[in-house]
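Throughout, my numbering is defined as the position within the first sequence, counted from one, plus 22. All C-beta atoms in this analysis are idealised placements derived from N, C-alpha and C, irrespective of residue type, glycine included. Keep in mind the model is a prediction, meaning the values are calculated, not measured.
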Amino acid sequence: MTDKTTIEKNVVGNFITHIIDEDLASKKHSNVVTRFPPEPNGYLHIGHAKSICLNFGVAADYQGICHLRFDDTNPEKESDEYAQAIQRDIKWLGFDWGRNKFHASDYFDHLYGFAEELIEKGLAFVDDQSPEEIRENRGDFNRPGVESPYRERSVEENLTLFRGMKAGEFADGSKVLRAKIDMQSGNINMRDPVIYRIKRMHHIHTGDKWCIYPMYDFTHCISDALEGITHSLCTLEFEDHRPLYDWVLDNIDIDCHPQQIEFSRLNVSFTVTSKRRLNQLVEQNIVDGWDDPRMSTISGLRRRGYPPAAIRDFVKQVGVSKKESVISMTVLEDVIRHHLNQTSPRVMGVLDPLKVVIENYPEDQVEMLTGANHPQDESFGSREIPFSREIYIEQADYKANANRKFFRLTEGREVRLRHAYYITCREAIKDEAGNVIELRCTYDPESRGGTADGRKVKGTIHWISAAHAEPIEVRLYDRLFNHPNPASMDNFIDAVNPDSLRILPNALLEPGIAEQDADVVYQFERNAYFKRDKTHEKDKPVFNQVVTMRDSWAKVEQSAE
RNA sequence: UGGGAUGUCGCCAAGUGGUUAAGGCACCAGGUUUUGAUCCUGGCAUUCGAAGGUUCGAAUCCUUCCAUCCCAGCCA
């Protein structure tokens, strides 16, 4: 208590950890086993990150384990490509299932056995009704269901029929196995739910062994129980399924009964996370594939340059509750910035170059100046930066007739060049159209690394020696949507931000950076954080903007207008 | 006129009958600064969806009401 060995938790205390605490205290459980159970039918997104961090995080916090289980009960939509991508994404997020990788399909034999057990107990029957009849007879919110005419078949007949289903004697869709529960139930999930259907389809794991496949509600609870899961965490929409989860386990011979606990999904403002919508963005070529840096997919976040540790911090900060919520994107950005501020080496990059000639600097001279790679952390070391008579600065760092609030260049004003000298703007050269194309400046040779006479200058701007600058392409990203909750719209495509990607083909980077480590996120000082894109090549360097820096000047400038 | 859930500051979220109702983001005001970044300081809910009630004492217990979300796949 008094020492500093307190280990930082992965998950902050919440209603789920309270339940676990109680279960441990009451000796209901002596350990914690959770699971992350994706269906391999799509790519993971930021919403899944919450579930992953919660399940793996809680397990780690309690010295327990977390299984990875592919919920592969519907071969129609599943592929191994997705399964591989899911594993890659979980690992990238920093979690490890060790040897505990399972598939619901591993249990198909067990599941089949439990289904026969229900039949033998008179708790399941083979129904010959068509899908339409079943739907019609299920009733609705205001109308109870009608029992199937096949509901009272004998155990023997049901067994024979179900074995026939398994043996491939019946056509797809011609028969199903249903649990016999309660057609009057207010909970529609309990109105004799279908638990097995006939579907002649190749399965990614079991191949063509089966032509009947168990439904989610029958499979999930049993899979949890077979694996000894203690707490089965899922999202809110499964609350109505919990009675069925419990019914199945209560009515078969199995000695484990995990507790299903539901929490709310993670939604982030100005993004979408539904598979359907993400897919639409890809299909309509609104984005550059599933890993487009603007996508909320894990692969998109990775390509964008978000550090996995920051995503974990984000999920942690967001918390866990049962309240439907939309987290502000600023929370995500803040966590990313906070992380990157501590871990990113600083570098100078000019996004929108403006040429500057320093008239009193010798024509052929090149000086190597030393720049610290991190202003607060000396362990980052320093680098040599070439300085010469012609340099590039940011267009935005010059303004004609600027007022006193503008700390950068305007005629007659002096600023500091980062890591270098003071320069004073003497003249702006314009083209015929009146655009400023070059600045003529003078420098103070005594001002290197400080000032001889102690005079202070308000502004410091970044620059790159013209002769040494490396041309790069820079991609700037803004929110993909202009609406805080695109999913709530009739057509979310209408909310797509047409300016979410801006390509700057003529950006410049200080030398010796572009070909360094592909995984490093750099801070282009006074601009933003950048990381090499996957399309980056030696002769065509491409950098993605990860996140901008906070910009209080933008606010000042805006309020002045 | 069905069933299941949720309502604490603009967005999240602690709180489990006795606290001046944590914290983060956002926002506002200052300070430091060779990044208008970072960092630091201060401000930001007499009130917990509403109304009643129980209690010496209620965000926490009870009642009623209101709002929002989920459910009618042989999807998960």
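Helix or strand or just coil, what does DSSP make of residue i?
{"i": "P384", "result": "coil"}
{"i": "A418", "result": "helix"}
{"i": "G456", "result": "coil"}
{"i": "A576", "result": "helix"}
{"i": "E305", "result": "helix"}
{"i": "L439", "result": "strand"}
{"i": "M237", "result": "coil"}
{"i": "W269", "result": "helix"}
{"i": "L531", "result": "strand"}
{"i": "V33", "result": "coil"}
{"i": "G229", "result": "strand"}
{"i": "P375", "result": "strand"}
{"i": "V508", "result": "The sequence as given places Pro at residue 508; Val does not occur at that position. P508 falls in the helix class under three-state DSSP."}
{"i": "T365", "result": "helix"}
{"i": "S254", "result": "strand"}
{"i": "I11", "result": "For residue 11 there is no data in the structure shown, the boundaries of the chain being 23 and 583."}
{"i": "I274", "result": "coil"}
{"i": "S581", "result": "helix"}
{"i": "T482", "result": "strand"}
{"i": "S16", "result": "Here the chain comprises residues numbered 23 to 583, so residue 16 is not present and cannot be evaluated."}
{"i": "E537", "result": "coil"}
What does DSSP give as the partner residues of residue i in its beta bridges?
{"i": "D466", "result": "Y444"}
{"i": "K553", "result": "N566"}
{"i": "V518", "result": "F503"}
{"i": "A201", "result": "A146"}
{"i": "T392", "result": "E406"}
{"i": "Q545", "result": "R368, Y551"}
{"i": "E492", "result": "L531"}
{"i": "V216", "result": "R200"}
{"i": "L354", "result": "Paired residues: none, contrary to the question."}
{"i": "D412", "result": "Note that residue 412 corresponds to Glu in the displayed sequence, not to Asp. In DSSP, E412 forms a bridge with V379."}
{"i": "E449", "result": "R462"}
{"i": "I210", "result": "Looking at the DSSP assignment, I210 forms no beta bridge with any residue, so it has no partner."}
{"i": "L498", "result": "R524"}
{"i": "R349", "result": "The question names Arg, but residue 349 in the sequence shown is Ile. Paired residue(s): V290."}
{"i": "S245", "result": "Note: S245 sits in no beta bridge, so no partner."}
Leaving out five residues on either side along the sequence, give the residues of the same chain with a beta carbon under 7 Å from the beta carbon of residue i.
{"i": "P330", "result": "W114, L115, G116"}
{"i": "I308", "result": "V518"}
{"i": "A424", "result": "T432"}
{"i": "E30", "result": "none"}
{"i": "G120", "result": "none"}
{"i": "H227", "result": "D94, H125, S127"}
Could you pull out every residue in the same chain whose Cβ sits closer than 6 Å to the Cβ of residue i, ignoring the five residues on either side in sequence?
{"i": "K297", "result": "G64"}
{"i": "A107", "result": "Y65"}
{"i": "L258", "result": "E284, S286"}
{"i": "C75", "result": "R334, V337"}
{"i": "V564", "result": "E495, D555, T557, H558"}
{"i": "L391", "result": "I407, F409, H441, A442"}
{"i": "D72", "result": "The question names Asp, but residue 72 in the sequence shown is Lys. Cβ within range, chain order: L288, V337."}
{"i": "D314", "result": "G322"}
Once you ignore the five residues that flank residue i on each side, which residues in its own chain have a CB closer than 8 Å to its CB?
{"i": "W575", "result": "none"}
{"i": "Y444", "result": "E436, V437, R438, Y465, D466, S469, T473, V479"}
{"i": "D25", "result": "Unreliable positioning characterises D25 in this predicted model, as indicated by a pLDDT of 35, which lies under 50. The coordinate reading is nonetheless provided below. Excluding sequence neighbours, D25 sits near nothing in its chain."}
3-residue-minimum beta strand (DSSP E) runs that sit fully inside the segment 46 to 110, ordered along the chain = 55 to 58, 87 to 92
Whole beta strand (DSSP E) runs in the segment 97 to 175 with 3 or more residues, listed along the chain?
-> 123 to 125, 146 to 149
Say whether the segment 288 to 301 touches the segment 38 to 47, bearing in mind that this needs 3 or more beta-carbon pairs closer than 8 Å, one atom from each stretch.
-> no
Taking three-plus beta-carbon pairs below 8 Å as touching, is the segment 52 to 59 in contact with the segment 70 to 85?
-> yes
What residue ranges within the segment 280 to 335 form continuous beta strand (DSSP E) runs of no fewer than 3 residues, ordered along the chain?
-> 281 to 285
Are there three or more Cβ pairs, one per stretch, closer than 8 Å when the segment 92 to 102 is compared with the segment 122 to 139?
-> yes
Meets three-Cβ-pair contact criterion under 8 Å: the segment 168 to 188 and the segment 238 to 252 | no
Are the segment 507 to 524 and the segment 479 to 487 touching, with three or more C-beta to C-beta distances below 8 Å?
-> no
With contact counted as at least three CB pairs below 8 Å, one residue from each stretch, are the segment 526 to 533 and the segment 264 to 280 in contact?
-> no
Determine contact between the segment 246 to 265 and the segment 151 to 167, defined as no fewer than three beta-carbon pairs at a distance below 8 Å.
-> no
Does the segment 208 to 223 come within contact of the segment 246 to 255, defined as at least 3 CB pairs closer than 8 Å?
-> no
Assess, as a yes-or-no matter, whether the segment 314 to 323 is touched by the segment 369 to 378 under the definition of 3 or more beta carbon pairs within less than 8 Å.
-> no
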